[in-house]
Amino acid sequence: MQEHKNGLEDMYVMSNHKKLRCGYTTGSCAAAAAKAAARMLLQQKLVEEVELMTPKGIRLCLLTEEASFDREHAVCAIRKNGGDDPDATHGLLIFARVERCEGTQILLDGGEGVGRVTKPGLWQSVGEAAINRVPRQMIREAVDEIRDELEEPQGLRVVISVPGGEEIAKKTFNPRLGIEGGISILGTSGIVVPMSESALIASIRLEMEMLRARGEEYLLITPGNYGESFLKEKLDIDLSNAMKCSNYVGETLEIAEELGVKGILFVSHIGKFIKVSGGIMNTHSHQADCRAELMAAQAMRAGVDADTVKQILDTFTTEEAVDILMKKNMTEAVMRIVTEKIHAYLQHHCGGAFETEAIIFSNKHGYLGETAGAEKLLQRFLRHGGEAEYRISSEE
Numbered sequence: 060m061q062e063h064k065n066g067l068e069d070m071y072v073m074s075n076h077k078k079l080r081c082g083y084t085t086g087s088c089a090a091a092a093a094k095a096a097a098r099m100l101l102q103q104k105l106v107e108e109v110e111l112m113t114p115k116g117i118r119l120c121l122l123t124e125e126a127s128f129d130r131e132h133a134v135c136a137i138r139k140n141g142g143d144d145p146d147a148t149h150g151l152l153i154f155a156r157v158e159r160c161e162g163t164q165i166l167l168d169g170g171e172g173v174g175r176v177t178k179p180g181l182w183q184s185v186g187e188a189a190i191n192r193v194p195r196q197m198i199r200e201a202v203d204e205i206r207d208e209l210e211e212p213q214g215l216r217v218v219i220s221v222p223g224g225e226e227i228a229k230k231t232f233n234p235r236l237g238i239e240g241g242i243s244i245l246g247t248s249g250i251v252v253p254m255s256e257s258a259l260i261a262s263i264r265l266e267m268e269m270l271r272a273r274g275e276e277y278l279l280i281t282p283g284n285y286g287e288s289f290l291k292e293k294l295d296i297d298l299s300n301a302m303k304c305s306n307y308v309g310e311t312l313e314i315a316e317e318l319g320v321k322g323i324l325f326v327s328h329i330g331k332f333i334k335v336s337g338g339i340m341n342t343h344s345h346q347a348d349c350r351a352e353l354m355a356a357q358a359m360r361a362g363v364d365a366d367t368v369k370q371i372l373d374t375f376t377t378e379e380a381v382d383i384l385m386k387k388n389m390t391e392a393v394m395r396i397v398t399e400k401i402h403a404y405l406q407h408h409c410g411g412a413f414e415t416e417a418i419i420f421s422n423k424h425g426y427l428g429e430t431a432g433a434e435k436l437l438q439r440f441l442r443h444g445g446e447a448e449y450r451i452s453s454e455e
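Residue numbering for the sequence shown follows the numbering used here, beginning at 60 and increasing consecutively.
Below is the structure:
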């Protein structure tokens, strides 16, 4: 029997002279399952495999499991495969149930094993299923693709469920984030790329070496996809010399000093760089998860009253803490302290060898603050005639 090919056979990364296989996210599983179930419902035929184009541009071909259908609904599952990445959700079945509904909309919800948001501050509203933005878009686009192909404008309701998800979620940070009852459906690229710490740092070095070889002396760096999205949405900016540092702020600074970089402008979500305001240069939650404590400390330095500081200490996310500061009209004052501390610790870590500036934002409120020299350094990256409009915030 010929082995099934899922589209990732040539996708791997090298670590310690070993090939580590890539996998696909829970978001890809949910979208593929929904696509297959929609086809079964609308065509009344069994679907044994389904193709899905991921946001990364890689086409997956995935086998369905436990598929069934009748005139009113269809159900099937895709088994999560994280490749060689250590992943608590590896091997779980991600189910999609698709049923007919009135109108022409595609409705989406979570069922068994998919967490529910119980606290403010996350991308989803309180009460919503913990299905992140990109997976939601992937699911809707996958189902819509089937409707367009079959010329069926029928309204459909999609429910994603993960049997066993509630137990697995206890091994994640979901309970601390106020997500209860299951896992989150995640993924921004649709693909899981396994990276050991040494391999990831090596990739940061390689990318920076390539930029330096092109003659770039000033670098624009984001920890991850949120920062990159903020730049694309808010600024007419040249991203050709932009790169990501993941959680490795300290190592990035050390590599930059070694390679003779003259300046770095970091653009980061507050959840990452609030840790830098306390001198923490590896922002992974396993290394340090003191966001509430540092937000509270910087708020106290800015003169926020004790009761509000206590409220901040009880938050689960920095977005929730920013909400509290917004209500008190203290965001600007606190962010001034935060960015001063960020600048001081960045400079301390690199020994003042080059410029280090930062722009801080939140997903909900947008721009929050910046270090004193950020605007000047930003001009190096703006396209000709571009304007810096990123400062618009909900407090103005």
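Backbone N, C-alpha and C fix where the C-beta goes; we use that ideal spot for every residue, glycine too.
Rounded C-beta distance between residue i and residue j? I'm assuming under 8 Å.
i, j, result
"Val251", "Phe154", "In fact, because the Cβ distance is near 19 Å, the residues do not count as touching under 8 Å."
"Thr177", "Gly224", "Going by Cβ atoms, the distance from Thr177 to Gly224 rounds to 16 Å, so no, they are not a contact pair."
"Leu405", "Gly322", "About 11 Å separates the two Cβ atoms, so there is no contact after all."
"Gly283", "Lys115", "Their Cβ separation, rounded to whole angstroms, is 14 Å, which puts Gly283 and Lys115 out of contact at 8 Å."
"Phe232", "Ile329", "With a Cβ gap of about 17 Å, Phe232 and Ile329 do not count as contacting."
"Phe332", "Ile401", "6 Å"
"Val217", "Gly170", "About 10 Å; that fails the 8 Å criterion."
"Ile244", "Thr85", "5 Å"
"Gly82", "Gly172", "Between Gly172 and Gly82 the Cβ distance is about 19 Å, and since that is not below 8 Å, they are no contact."
Who are the near neighbours of residue i in its chain, counting only those whose CB is closer than 7 Å to its CB and skipping five residues on each side?
i, result
"Val363", "Lys387, Met389, Val393"
"Ile371", "Ala351, Met354, Ala355, Ala358, Ala380, Ile383"
"Ala96", "Ala133, Val134, Cys135, Ala155, Arg156, Val157"
"Cys120", "Lys64, Asn65, Gly66, Glu108, Glu110"
"Glu239", "Gly174, Arg175, Thr177"
"Thr4", "Look at the range of the chain in this structure, 60 to 455, and you will see that residue 4 is not part of it."
"Ala412", "Glu316"
By a C-beta neighbour count over all protein chains shown, 10 Å radius and 16 as the cutoff for buried, is residue i buried or exposed?
i, result
"Phe519", "Given a span of 60 to 455 for the chain in the structure shown, any question on residue 519 remains unanswerable."
"Asp143", "buried"
"Gly444", "Residue confidence is low: Gly444 scores 48 on pLDDT, short of 50, so the model does not pin down where it sits. Its coordinate-derived value is still stated next. By the neighbour-count rule (16 or more Cβ atoms within 10 Å), Gly444 is not buried but exposed."
"Ala433", "buried"
"Pro212", "exposed"
"Lys139", "buried"
"Lys104", "exposed"
"Ile451", "Since pLDDT at Ile451 reaches only 47, below the 50 mark, its modelled position is unreliable, and the value read off the structure follows with that caveat. It counts as exposed."
"Arg98", "buried"
"Glu161", "exposed"
"Ser453", "Residue placement at Ser453 is poorly supported in this model, since its pLDDT is 41, which falls under 50; the coordinates are not used for a value here."
"Gly274", "exposed"
"Gly428", "buried"
"Gly246", "buried"
"Ala228", "buried"
"Lys230", "exposed"
"Thr163", "exposed"
"Leu265", "exposed"
"Glu208", "exposed"
"Glu292", "exposed"
Taking just the CA atoms, how far does residue j sit from residue i?
i, j, result
"Lys94", "His132", "13 Å"
"Tyr71", "Leu79", "5 Å"
"His407", "Glu378", "27 Å"
"Ser87", "Leu166", "18 Å"
"Leu259", "Thr123", "33 Å"
"Ala90", "Gln196", "9 Å"
"Glu268", "Val320", "10 Å"
"Ala523", "Leu100", "Coverage of the chain is limited to positions 60 through 455, which leaves residue 523 absent and any answer about it impossible."
"Lys77", "Ile339", "31 Å"
"Ser327", "Trp182", "16 Å"
"Glu316", "Gly286", "23 Å"
"Glu226", "Arg192", "23 Å"
"Asp373", "Ala365", "13 Å"
"Leu318", "Ser257", "18 Å"
"Val106", "Cys349", "47 Å"
"Ser336", "Cys409", "15 Å"
"Leu458", "Pro145", "An answer regarding residue 458 cannot be provided, because it is not within the stretch 60 to 455 covered by the chain."
"Pro457", "Pro194", "Residue numbering for the chain in the displayed model covers 60 to 455; residue 457 lies beyond these limits and cannot be assessed."
"Glu68", "Ala261", "23 Å"
"Lys423", "Phe289", "11 Å"
"Ile137", "Arg206", "20 Å"
"Ala272", "Ala92", "44 Å"
Consider the Cβ of residue i: report whether some Cβ of chain B lies at a distance smaller than 8 Å.
i, result
"Glu316", "Protein chain content of the structure displayed is limited to a single chain, and chain B is not contained in it."
If I measure Cβ to Cβ from residue i and keep anything under 6 Å in the same chain, skipping five residues before and after, which residues do I get?
i, result
"Arg395", "none"
"Phe325", "Ile280, Ala417"
"Ala361", "Ala392, Val393, Ile396"
By Cβ distance, which residues of its chain are closer than 8 Å to residue i, with the 5 residues on each side in sequence left out?
i, result
"Val368", "Ala355, Ala358, Met359"
"Arg159", "Leu100, Glu131, His132, Gln213, Gly214, Leu215, Arg216"
"Lys334", "Thr342, Ala347, Cys349, Arg350, Leu353"
"Gln102", "Leu209"
How do the segment 180 to 200 and the segment 116 to 129 stand: do at least 3 beta-carbon pairs fall below 8 Å, yes or no?
no
If you pair each beta-carbon of the segment 188 to 205 with each one of the segment 130 to 149, do three or more pairs fall below 8 Å?
no
Under 8 Å, with one C-beta from each stretch per pair, do the segment 303 to 316 and the segment 339 to 348 reach the 3-pair mark?
yes
Contact between the segment 288 to 300 and the segment 309 to 319 (3+ Cβ pairs under 8 Å):
no
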